[in-house]
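FYI, in the numbering used here the residues of the sequence shown are 108 to 239. The structure appears below as structure tokens.
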Amino acid sequence: MSSLFSAYCWDTLTPENIPPDTNSLCIIHMPRGPWDESKCHGLFAAVPHLTRLTFRHLDYTPASWTVLGAALLLTPHVNYLNVTDCRLKDNDLLTILNGCTLELCELNLTGNPLKFKNEGLIRRLQTFTNLQ
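Written as structure tokens, this is what we have:
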């Protein structure tokens with residue numbers, strides 16, 4: 108039996124390193140610049156039972172959020188997403204949320220410069236009826 112919680116640095120993270128029954132994943136030290144789309148999709152496809160996802164120490168370019176949003180479509184059971192201090196703007200959050208299913212019920216946005224002035228973002232947030 109493997110650990111239900113796993114924390115990994117992005118550079119050392121491979122699908123083979125993550126037990127397939129992992130429920131909670133914390134990814135730290137995200138890469139600078141665009142993310143490798145095939146790596147990101149492969150990682151999320153490797154953890155089909157993932158329910159909790161946390162990102163730490165993010166240094167990003169806007170293209171990264173598009174890759175993350177698309178990769179989240181591979182993890183339909185994520186109900187908790189923590190993107191604290193990731194410097195998200197309204198459009199970034201909308202991109203991420205577009206990859207989330209309606210199972211999302213906890214969203215930690217602390218420390219992000221969000222304005223909540225994007226009407227698309229407001230509409231998308233309203234679709235998550237159980238969101239805290």
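Yeah, the Cβ is synthetic: ideal placement off N, Cα and C, and Gly gets one too. Predicted, not measured: the structure shown is a model, and the values here were computed from it.
Please confirm whether residue i and residue j have their CB atoms less than 8 Å apart.
i	j	result
Glu-213	Tyr-187	yes
Leu-216	Val-190	yes
Glu-210	Val-185	yes
Thr-286	Phe-151	No statement about residue 286 is possible, as the shown extent of the chain runs from 108 to 239 and does not include it.
Leu-175	Cys-147	yes
Quick check: what's the CA-CA separation for residue i versus residue j?
i	j	result
Asn-130	Leu-157	4 Å
Leu-204	Thr-119	26 Å
Leu-201	Thr-236	16 Å
Thr-121	Arg-159	18 Å
Trp-142	Ser-171	5 Å
Leu-228	Ile-125	32 Å
Assuming residue i and residue j are in contact, meaning their beta carbons sit under 8 Å apart, how far apart are those beta carbons, in whole angstroms?
i	j	result
Arg-163	Cys-133	6 Å
Gly-218	Asp-197	15 Å between Cβ atoms; not a contact.
**Message:** As an exercise, report each continuous alpha helix (DSSP H) stretch of at least 4 residues that is fully enclosed by the stretch 125-212, in chain order.
**Reply:** 144-152, 169-179 and 197-204
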